[in-house]
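J.: I'd like to ask you about the structure that follows.
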């Protein structure tokens with residue numbers, strides 16, 4: 111029996127207990143032995159939950175038990191998750207986590223501590239919920255030089271944008287409804303401002319480009335300024351507005367950003383709707399591959415954690431190699447990033463197109479979807495040049511970047 | 111240095127040489143040593159190709175060289191690929207293959223020989239070209255009970271259907287064009303009759319359901335009877351016609367089939383166009399995940415083979431576990447399989463809907479897209495019941511199954 115302790119009995123932690131108990135038969139077939147949950151750590155009590163017998167409130171009990179092979183860290187947040195993880199790895203226990211804050215902040219360091227102690231630090235569930243994306247990047251695309259990773263990484267934001275598209279409603283209205291339905295949190299900032307997606311793309315970029323990407327260096331813009339009228343324009347153009355998180359190489363430079371983009375139907379991310387996530391990887395021999403599935407939720411995320419537990423059990427005593435170097439990968443100055451922009455501007459068609467030509471160079475006109483304005487799409491231009499031109503031109507109602515096909 | 115021999119210098123074999131040479135730096139970073147191609151086996155000569163020095167015509171040379179660690183089998187066909195593979199595995203050498211015929215026919219046996227000799231038989235490239243799908247099924251979804259695997263597994267058939275949809279042309283016309291462009295072979299039977307997809311779904315099903323599925327047991331229907339008028343109906347209904355290969359559990363029963371289906375836009379396979387492949391996996395905790403990418407082509411397929419070579423090098427002396435038992439998984443009698451059917455029938459609207467009601471029970475009418483006929487969609491019914499009803503009703507112009515969302 112593999113002995114496991116689960117730290118944190120919230121949504122994911124309780125899901126891990128459920129997945130292990132439901133699919134125990136398959137686990138035994140896989141490992142030739144079962145997984146036994148010896149402890150659950152939480153400060154709260156859970157009367158009637160079926161885990162009363164194994165619930166402890168003090169991490170010391172788990173740390174002092176040499177029988178525990180694998181720690182599941184589903185507490186979230188940096189502290190004390192960081193200290194508990196470090197202590198476990200130093201004792202040669204593997205740690206499987208869904209905690210993206212901790213992986214984004216200390217991933218390289220914890221991987222290196224794991225390697226020093228013949229243990230594993232596994233984090234498939236930290237990005238894309240249950241979608242296998244960490245493994246493909248680490249094992250399947252090893253013969254590849256990765257050029258770009260772009261994902262729809264936040265299920266809540268995608269759910270809101272999908273409903274805005276389907277129902278023609280404004281952001282605030284859909285958000286409220288999503289909160290009432292439990293699809294968005296009461297404090298939705300991390301989801302709708304892009305902070306969650308930002309941490310996730312930092313993790314994916316670190317792995318894809320083999321160096322530490324600091325999430326604080328990544329330009330991040332959320333979806334709160336997207337309006338029903340923007341969606342109307344998108345629909346008229348046959349595009350969808352998606353919150354994209356992207357990391358890409360351009361020669362020696364590395365660019366990363368999180369922002370809403372207009373995505374055309376030729377892009378496989380176009381059809382990633384509702385709470386689903388999708389991650390598109392571009393690499394030199396393989397071209398485009400995409401990974402799609404439920405990006406959040408109790409059981410999908412828990413399933414990814416349990417797959418990691420099985421992997422850790424299978425590789426007891428040896429460390430899986432992750433090419434995630436502690437050295438920092440500098441994110442290129444955001445102003446140098448090149449994008450095309452969809453721009454809505456106040457004025458008549460003639461006024462707008464004249465101003466567009468004057469400040470933005472060659473543009474493609476877009477039929478107005480609201481009174482008193484007109485719109486256009488620029489050629490690819492530097493973010494800094496766009497910002498300067500927009501400042502001079504004024505009268506801009508909104509602007510949304512356009513994803514190249 | 112890892113010493114490799116490549117058997118067969120066709121499209122994929124030459125791609126393997128190219129990928130190894132192009133991405134050698136990344137390989138060294140991954141393995142802490144390089145991969146050296148010591149031999150290429152082919153009966154032909156390749157003057158000016160850069161492999162003249164390592165080209166051999168006799169497998170005995172490779173078999174007798176104890177320095178060779180890993181065999182790449184990209185010959186295709188059953189013989190002598192089977193004998194060469196078996197001999198290599200018995201000598202403790204790992205074999206990485208793109209040969210779906212051989213994997214479908216002898217996968218379970220070769221995996222078991224590999225395990226007896228602490229070697230690996232790896233076959234990521236045999237399904238879905240460069241798309242990582244074997245690894246997710248084997249490693250990432252280990253905590254899952256898989257319920258269904260459905261894929262667009264043949265790039266040529268999908269390319270033809272996509273062009274028929276976009277251009278409104280008939281099958282024969284698009285096929286000819288695809289042949290002239292090199293997207294379809296002069297003898298296209300394996301692609302357009304579904305035989306290739308059938309072998310691939312047998313491999314995926316064997317892995318997903320952990321037992322040997324014999325491809326000869328799988329009902330297989332190609333795309334040759336799909337007409338421009340069928341496409342017109344599909345477009346009018348907002349659906350696409352896709353050649354789907356599917357394996358699924360229903361209680362204790364296992365169903366498998368290959369056939370064209372009408373796929374709605376709510377299904378992620380709907381947007382898998384051109385030569386791309388997509389594989390949708392339904393499992394008990396995770397729900398739907400999809401894997402998307404180039405399903406064929408020299409470099410994508412070669413990249414998957416090289417990822418397997420890296421994996422084999424990394425795990426030298428130990429065998430990765432594949433839950434693909436030699437025991438046979440019986441495919442349920444096809445007549446018991448339940449599907450919905452889109453049916454075009456000769457006659458006026460009234461005549462057709464009356465006959466529909468009489469023979470097929472409750473149906474949903476579909477507006478006619480051609481003179482002298484009308485159409486409808488049935489409820490889910492057994493294949494045998496449908497065949498019987500269709501025989502009695504007569505006057506059927508065509509029928510296409512409808513994929514449930």
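Residue numbers (our numbering), protein chains in the order written: chain F, 111 to 515; chain D, 111 to 515.
We put the CB at the ideal spot given by N, CA and C, even for glycine.
1. Residue 321(D) versus chain F: which residues are under 9 Å apart at the beta carbon?
2. According to DSSP, is residue 397(F) helix, strand or coil?
3. Can you find a CB in chain D that lies within less than 8 Å of the CB of residue 263(F)?
4. Check whether the Cβ of residue 399(F) lies closer than 8 Å to any Cβ atom in chain D.
5. Check each residue of the segment 378-392 of chain F: if its Cβ is closer than 9 Å to any Cβ of chain D, include it; give the result in chain order.
6. Please classify residue 242(F): is it buried, with 16 or more other beta-carbons within 10 angstroms of its beta-carbon, or exposed?
7. Which two residues bound the contiguous beta strand (DSSP E) that contains residue 113(D)?
8. Say whether chain F places a C-beta atom closer than 8 Å to the C-beta of residue 252(D).
9. Helix, strand or coil: how does DSSP classify residue 351(D) here?
10. Which same chain residues, not among the five before or five after residue 448(D), have their C-beta less than 7 Å away from its C-beta?
11. Could you give the distance in angstroms between the alpha-carbon of residue 407(D) and the alpha-carbon of residue 194(D)?
12. What are the start and end residues of the beta strand (DSSP E) that includes residue 455(D)?
13. My output table needs one value for residue 98(D): the three-state DSSP class, helix, strand or coil.
14. May I ask you to report which of helix, strand or coil DSSP gives residue 308(D)?
15. So, for residue 216(F): in the same chain, excluding its five sequence neighbours on each side, which residues have a beta-carbon less than 7 Å away from its beta-carbon?
16. Is the CB-CB distance between residue 255(F) and residue 136(D) below 8 Å?
17. Am I right that residue 304(F) and residue 368(F) are in contact with their C-beta atoms under 8 Å? What's the rounded C-beta distance?
18. Under the DSSP definition of a beta bridge, which residues are partnered with residue 321(D)?
19. Taking 6 Å as the limit between beta carbons, can you name the residues of its chain near residue 317(D), skipping five residues before and five after?
20. With distances taken between CB atoms, is the gap from residue 168(D) to residue 118(D) smaller than 8 Å?
21. Answer with buried or exposed for residue 518(F), where buried requires no fewer than 16 other C-beta atoms within 10 angstroms of its C-beta.
22. Give me the chain D residues within the contact set of residue 140(F), using Cβ-Cβ distance strictly less than 8 Å, ordered along the chain.
23. Please classify residue 370(F) as buried or exposed, where buried requires at least 16 neighbouring CB atoms within 10 angstroms.
24. For residue 323(D) and residue 444(D), what's the separation of their Cα atoms in angstroms?
25. Check residue 244(D) in the structure and name its three-state DSSP category.
26. Between residue 442(D) and residue 329(D), what straight-line distance do the alpha-carbon atoms span, to the nearest angstrom?
27. Excluding the 5 residues preceding and the 5 following residue 358(D) in the sequence, name in chain order all residues of the same chain whose CB lies nearer than 6 Å to its CB.
28. Checking contacts by CB at 8 Å: is residue 249(D) closer than that to chain F?
29. Can you tell me which of the three DSSP states residue 185(F) falls into?
30. Is the beta carbon of residue 503(F) less than 8 Å from the beta carbon of residue 509(F)?
31. Can you tell me which of 463(F), 424(F), 494(F) and 474(F) puts its alpha carbon nearest to the alpha carbon of residue 446(F)?
32. If I follow the unbroken alpha helix (DSSP H) through residue 496(D), where does it start and stop?
33. Does residue 208(F) have its Cβ less than 8 Å from a Cβ in chain D?
34. What residue range is occupied by the uninterrupted beta strand (DSSP E) comprising residue 508(F)?
35. Could you name the residues of the segment 344-369 of chain F whose beta carbon sits closer than 8 Å to any beta carbon of chain D, in the order they occur along the chain?
36. Taking residue 374(D) as part of the beta strand (DSSP E), name the residues at either end of that continuous run.
T.: Looking at the atomic coordinates:
1. Within 9 Å Cβ-Cβ: nothing; residue 321(D) doesn't reach chain F, min ~12 Å.
2. strand
3. no
4. yes
5. Using a CB distance below 9 Å, the part of the segment 378-392 of chain F facing chain D consists of 378, 380, 381, 382, 383, 386, 388, 390 and 391, ordered along the chain.
6. buried
7. 112-117
8. Closer than 8 Å: yes.
9. Looking at residue 351(D) - three-state DSSP - the assignment turns out to be strand.
10. 490, 491 and 492
11. 24 Å
12. 448-456
13. The structure shown does not extend to residue 98(D), since chain D spans only 111 to 515, so no value can be given for it.
14. helix
15. 192
16. yes
17. 4 Å
18. 435(D)
19. 247 and 434
20. no
21. Any answer about residue 518(F) is impossible in this case: the structure gives chain F only from 111 up to 515.
22. 252, 431 and 433
23. Residue 370(F) should be labelled buried.
24. 14 Å
25. helix
26. 10 Å
27. Short of 6 Å from the beta carbon of residue 358(D), and not among the five residues preceding or following it, lie these beta carbons of its own chain, in chain order: 258 and 365.
28. yes
29. Reduced to three states, the DSSP call for residue 185(F) is coil.
30. no
31. Of the candidates 463(F), 424(F), 494(F) and 474(F), the one whose C-alpha sits nearest the C-alpha of residue 446(F) is 494(F).
32. 493-503
33. no
34. Note, residue 508(F): beta strand (DSSP E), 506-512.
35. none
36. 363-374
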